[in-house]
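Q: In order, the protein sequences belong to chains A and B.
Mapping of the first sequence onto the numbering used here: residues 1 to 350, in sequence order.
Mapping of the second sequence onto the numbering used here: residues 1001 to 1119, in sequence order.
Following this message is one structure expressed as structure tokens.
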Amino acid sequence: MTPAGAYRQPPHDGTLPADLAAAVELGGEMGRLFAEFDWSAHPLGPPVQWSAELRAALAVVLTSRFPIVLWLGPDDLFVVYNDAYSQILGENIQRRSVGPGSEVWWDIWEPISPMLASVIATGQATWSFDLMLPMVTAGRRTERYFTFTYSPLIGAAGVNTQYRGFCQLLAEQLSAAMASAVGYEQERQRADALAELDRAKTALLTKCQPRVLRPVDAVVPASADELSTARHRLRDWLATIDVGSSRITDILLAVGEAVINAIEHGSGGDPRRTVSIEAFLRDGSLAATVTDSGSWTVDSSASRRSQQRGRGLTLINGLADHVDTVRTTQGTRITLRFDHAVGSDQGANL
Amino acid sequence: MRLLINHDTTDEAIVVRVEGEIDSSNAEEFVNDLSSAVGLASAHPARVLVVDLQGVSFFGSAGLNAVLDCHEKGAANGTAVRLVAARPEVVSPIKVTRLDRVLDLYASLTEAVAPPSLP
């Protein structure tokens, strides 16, 4: 589709074939960089010599608003990506396009290079769900979470041999960014920022995930008044992915208790703080994560209040199949897993 | 979240019917209502309070703590507190926390108001 008025015929100076010349015009900042790059000295050679399949793939990448990267070349796997991908990289934007993969992604080459190698060897696509990649950002290792696939580019003679291209679709689980808490006095701004992140993330993941895997997530102020909102949102989502009604009851109860703990103990009931709730399906199991920006105090006393709180923890432990609590200086993150939440046949439809 | 709480007085008991979702945003209201109902029931000749939870669609630790508190207040002043609980939303949390060993549960309002007498 050509948006009326937005498209203009690019000047054809012979350095780019007509299809790529059109694509770079529509490709925003990365399109401009691609057009300006001196390809004559690059191992991939000038784009006029590239195969039609590769040019078509590249045109898709440059003009898409979804984050996509191509890994090109028989050995070095040069990365070429689009504006949407560079936005996900954020401050890592200095990672240059068209560089060899092992240099551009030196910090995560160890986990990702075997995935790329397996696509080269078999042609089978990889699938990584919410995978933590310890990227170096501003000189520091930061845990970031991504959901992505590597798949082969198919050329006229099968899997493209001249340019072993790999297409990667990628969506970052922005929850990792949420965990990097800021100062208390900034919490209000943070709530606004989180709401914005929440919307962006929902839009991104809804686009990325197949229907049955579409996750739900919510960022709510740390107030008991928000409990029912969060619960209803989760319940509606569980119903759309065909979780049975008795299972929904158990999941809502256990996650509800985790949210109460996050509000009352992790945030001190301060509505300026926020609690994030995420849930997704993986292989028929449902995982729900509740994150707050405080720490759950350990109360081992036999007081009535302690007993009452213990009842919430009993519900969590009794109803979830697996409970994992991670405490950091920035907050507490509890993940509840419910096995066989939906039939395994649904996961197989992917 | 709005809770609907109705009180009813019959010859056999004081009956409290609850409708809605009970969580920590409204548990205090629920506790207060149960507390006054236990007071009413203790002055009633039958000394029986029936709490009908058939209209409750969410019942977490806040609800459990409230009915346990009510049960203990009743025990302290000689009033039997019976719960009508058959919905999984209510029965599941009671069983998981093993409060079914403590609380007096009935599957219907009829049974709770007039429990079948021993043969």
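The beta carbon of each residue, even a glycine, is placed where N, CA and C say it ideally should be.
Treat the numbers as computed from the prediction; the structure is a model and nothing was measured.
What span of residues does the alpha helix (DSSP H) with glycine 1074 of chain B cover, start to end?
A: Counted as a single uninterrupted DSSP element, the alpha helix (DSSP H) harbouring glycine 1074 of chain B occupies residues 1061-1076.
Q: The beta strand (DSSP E) spanning alanine 288 of chain A covers which residue range?
A: 285-292
Q: Exposed or buried, leucine 1004 of chain B, counting other C-beta atoms within 10 Å across all chains shown (16 or more means buried)?
A: exposed
Q: Note the first and the last residue of the continuous alpha helix (DSSP H) segment covering histidine 232 of chain A.
A: It spans 227-240 - the alpha helix (DSSP H) in which histidine 232 of chain A sits, taken as one unbroken run.
Q: Which whole-angstrom value describes the C-beta separation of threonine 1079 of chain B and alanine 1041 of chain B, a residue pair presumed to lie in contact below a C-beta threshold of 8 Å?
A: 5 Å
Q: Quick one: what does DSSP say asparagine 1032 of chain B is sitting in, helix, strand or coil?
A: When DSSP states are grouped into helix, strand and coil, asparagine 1032 of chain B belongs to the helix group.
Q: With a threshold of 16 other CB atoms inside 10 Å of the CB of aspartate 283 of chain A, please say whether the residue is buried or exposed.
A: exposed
Q: Quick one: list the residues of chain B neighbouring alanine 318 of chain A, beta-carbon separation under 8 Å, in chain order.
A: Note that residue 318 of chain A is glycine in the sequence shown, not alanine. Chain-order list of chain B residues neighbouring glycine 318 of chain A: Val1096 and Thr1097, by C-beta distance under 8 Å.
Q: Which residues, taken in chain order from the segment 270-295 of chain A, show a beta carbon closer than 8 Å to some beta carbon of chain B?
A: The segment 270-295 of chain A vs chain B, Cβ under 8 Å: nothing.
Q: Let me confirm a value: histidine 1007 of chain B is counted as buried when at least 16 other C-beta atoms fall within 10 Å, else exposed. Which label applies?
A: Exposed, by the Cβ-count rule.
Q: Which residues in chain B have a C-beta closer than 8 Å to the C-beta of glycine 312 of chain A? List them in chain order.
A: Gly1060 and Ser1061
Q: Does the Cβ of isoleucine 154 of chain A have 16 or more other Cβ atoms within 10 Å, making it buried, or fewer, making it exposed?
A: exposed
Q: Quick one, which residues of the segment 221-233 of chain A are near chain B if we go by CB-CB under 7 Å, in chain order?
A: Ala224, Asp225, Leu227, Ser228 and Arg231
Q: For a contact defined as C-beta to C-beta under 8 Å, what are the partners of asparagine 1032 of chain B on chain A?
A: Under the 8 Å cutoff, chain A gives no residues; its nearest Cβ is about 16 Å from asparagine 1032 of chain B.
Q: Which full runs of the alpha helix (DSSP H) of 4+ residues lie inside the segment 304-329 of chain A, going along the chain?
A: 304-319
Q: Which value, in whole angstroms, describes the spacing of the CA atoms of valine 48 of chain A and proline 17 of chain A?
A: 5 Å
Q: In terms of residues, what are the limits of the beta strand (DSSP E) holding serine 102 of chain A?
A: Serine 102 of chain A -> not in any beta strand (DSSP E); alpha helix (DSSP H) instead, spanning 101-104.
Q: Can you check DSSP and say which residues form a bridge with asparagine 1006 of chain B?
A: B/Arg1017
Q: Quick check: the Cα distance between lysine 207 of chain A and leucine 1064 of chain B, rounded to an integer number of angstroms?
A: Only weak support exists for where lysine 207 of chain A lies, its pLDDT of 40 falling under 50; the value from the coordinates is given anyway. As the crow flies, the alpha-carbon of lysine 207 of chain A is around 40 Å from that of leucine 1064 of chain B.
Q: Can you name the residues that DSSP bridges to alanine 1080 of chain B?
A: B/Val1048
Q: Which whole-angstrom value describes the C-beta separation of alanine 222 of chain A and proline 271 of chain A, a residue pair presumed to lie in contact below a C-beta threshold of 8 Å?
A: With 8 Å as the limit, alanine 222 of chain A and proline 271 of chain A qualify as a contact, their Cβ atoms being about 6 Å apart.
Q: Looking only at its chain, what residues have a beta carbon closer than 8 Å to the beta carbon of valine 119 of chain A, apart from the 5 residues adjacent to it on each side?
A: So the list reads Ala125, Thr126, Tyr150, Ser151, Pro152 and Phe166, once near-sequence residues are dropped.
Q: Beta-carbon within less than 7 Å of threonine 1110 of chain B's beta-carbon, same chain only, minus the 5 sequence neighbours each way: which residues are those?
A: none
Q: Spatial neighbours of tryptophan 105 of chain A within its chain, please: C-beta separation below 7 Å, excluding the five flanking residues on both sides.
A: Short of 7 Å from the beta carbon of tryptophan 105 of chain A, and not among the five residues preceding or following it, lie these beta carbons of its own chain, in chain order: Ile112.
Q: Based on the DSSP secondary-structure assignment, which residues constitute the bridge partners of arginine 282 of chain A?
A: A/Ser285
Q: Does valine 334 of chain A come within less than 9 Å of chain B when only Cβ atoms are used?
A: Just to set this straight, residue 334 of chain A is isoleucine in the shown sequence, not valine. Output row for isoleucine 334 of chain A: interface = no.
Q: So the candidates are A/Ile277, A/Ser64, A/Val342 and A/Gly73; which of them puts its Cα closest to the Cα of leucine 286 of chain A?
A: A/Val342
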